[in-house]
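Residue numbers (this note's numbering): 201 to 395.
Positions of the beta carbon are idealized from the N, C-alpha and C atoms, including for glycine.
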């Protein structure tokens, strides 16, 4: 089943809707949605290696905009939605927010930067950055640099070694699926430990 999903996602690279889906996913993941854009970015890049850097730029821009939306939700409307997020969004709890506030007090740029590079649920950090009113230019800079680094490294690898990388993924698909799953679960586990 996962293999069919992988093949289906790869087929999007040849359609005009693949890039739109990637942009929507990257935007939503940075503010409210729990699924990261990396698998779709990878699939689209593998489907069209020559467009890898364009896909990385699109993902970075959409994730940056999603981060700004998350910051805005945190700053302006958090009090209206906090209980919904605590009850329904994995990784978001009053305890995780208290821990993140403590980290922001000491390391605002580095908290956002490292969260943008890791499989941690990024929305926790964008929302809380707005709630805790960290310096907005610092937030935007850290978000764009970290997310750009993450997505351009992935896009660059595919651009450089596209067909060889695709062959390796095809041969070792199950292993890569396990690795991605472990990283994703680890990200949620770290957030749970911060509670």
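If you draw a 10 Å sphere on the C-beta of residue 351, you find 16 or more other C-beta atoms in it, and that means buried.
Judged by DSSP in its simplified three-state form, residue 332 adopts coil rather than helix or strand. When Cβ pairs closer than 8 Å are counted between the two stretches, the stretch 309 to 329 is seen not to touch the stretch 240 to 253, the count staying below three. Counting only unbroken stretches of 4 or more residues, the alpha helix (DSSP H) elements lying wholly within the stretch 292 to 330 are 294 to 317, in sequence order.
Listed in chain order, the alpha helix (DSSP H) runs fully inside the stretch 204 to 292 are 217 to 229, 238 to 247, 252 to 272 and 278 to 288, counting runs of at least 4 residues.
Counting C-beta atoms within 10 angstroms of its own C-beta, residue 269 has 16 or more neighbours from the protein chains shown and is therefore classed as buried.
Taking the Cα positions, residue 376 is about 21 Å away from residue 349.
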